[in-house]
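**Student:** After the structure tokens below, expect a handful of questions from me.
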Amino acid sequence: MILNLDFNSDKPIYIQIREEIIKSIANGDLEINESLPSVRALADEIGINLHTVSKSYNLLKDEGYINIDRRKGAIINELPKQKEINNFNKIKEQIELLVAESYLKGVEKNEFISLCENYFENYGVKK
């Protein structure tokens, strides 16, 4: 599994791992019922503490992206899930902040919408 991590970023590594796995699921690089590397194997591969990977996996589990089974390890859940109001509200909050930041950094409305459309259309295409 290829994860694009930036060790110089202010964003914590466990969040970067979470985000990279979510993107890999959405674009089809990781498929339903596919196993993720064990916590120890991924930590060794990346060169980080295994608790960092464990924290990422637990977040993904809590958010419904993966199941963790003692015998099988971390497995990709069947997705997409039905839209749930709590998830939708969380996404609305994230989008509101992203729009505010984009506005304050001079991104034009049409550029922002175009970016969103391009990303949305590219996910799920590889299937």
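Using our numbering, the first residue of the sequence shown is number 182, and each one after it goes up by one.
From the three backbone atoms N, C-alpha and C, an ideal C-beta is built for every residue, glycine too.
(1) Just to confirm before moving on: does the CB-CB distance between residue 203 and residue 184 stay below 8 Å?
(2) Report the option in 283, 268, 222 whose CA atom is closest to the CA atom of residue 254.
(3) Please tell me whether residue 200 and residue 257 are closer than 8 Å, where the distance is taken between their beta carbons.
(4) Would DSSP call residue 176 helix, strand or coil?
(5) Alpha carbon to alpha carbon, how far is residue 297 from residue 274?
(6) Return the chain-ordered list of same chain residues with a C-beta closer than 7 Å to the C-beta of residue 234, the five sequence neighbours on each side being excluded.
(7) Check each candidate in 186, 277, 244 and name the one with the smallest Cα separation from residue 226.
(8) If we count the other Cβ atoms within 10 Å of its Cβ and call it buried at 16 or more, is residue 284 buried or exposed?
(9) Measuring CA to CA, which of 188, 252, 207, 192 is closest to residue 218?
(10) Per DSSP, what kind of secondary structure is residue 230 in: helix, strand or coil?
(11) With a threshold of 16 other CB atoms inside 10 Å of the CB of residue 281, please say whether the residue is buried or exposed.
**Tutor:** The short version:
(1) Here the question's residue 203 lines up with position 22 in the sequence shown. Here the question's residue 184 lines up with position 3 in the sequence shown. Not closer than 8 Å, so no.
(2) Residue mapping note: residue 254 aligns to position 73 of the sequence shown, counting from 1. The candidate whose alpha carbon is nearest that of residue 254 is 222.
(3) Position 19 of the sequence shown holds residue 200. Position 76 of the sequence shown holds residue 257. Cβ distance not < 8 Å, so residue 200 and residue 257 don't count as in contact.
(4) With the chain represented from 182 up to 308, any question about residue 176 goes unanswered, as that position is not in the structure.
(5) As a position in the sequence shown, residue 297 is number 116, starting the count at 1. As a position in the sequence shown, residue 274 is number 93, starting the count at 1. The alpha-carbon atoms of residue 297 and residue 274 are separated by roughly 16 Å.
(6) Here residue 234 refers to the residue found at position 53 of the sequence shown. Answer for residue 234: 198, 220, 223, 224, listed in chain order.
(7) As a position in the sequence shown, residue 226 is number 45, starting the count at 1. It is 186.
(8) One-based indexing of the sequence shown puts residue 284 at position 103. Residue 284 is exposed by the Cβ-count criterion.
(9) Within the sequence shown, the letter at position 37 stands for residue 218. The shortest C-alpha separation from residue 218 is found at 252.
(10) Taking the first residue of the sequence shown as position 1, residue 230 is located at position 49. DSSP places residue 230 in coil when its eight states are reduced to three.
(11) For the purposes of this step, residue 281 is taken as the residue at position 100 of the sequence shown. Counting Cβ neighbours within 10 Å, residue 281 comes out exposed, since fewer than 16 surround it.
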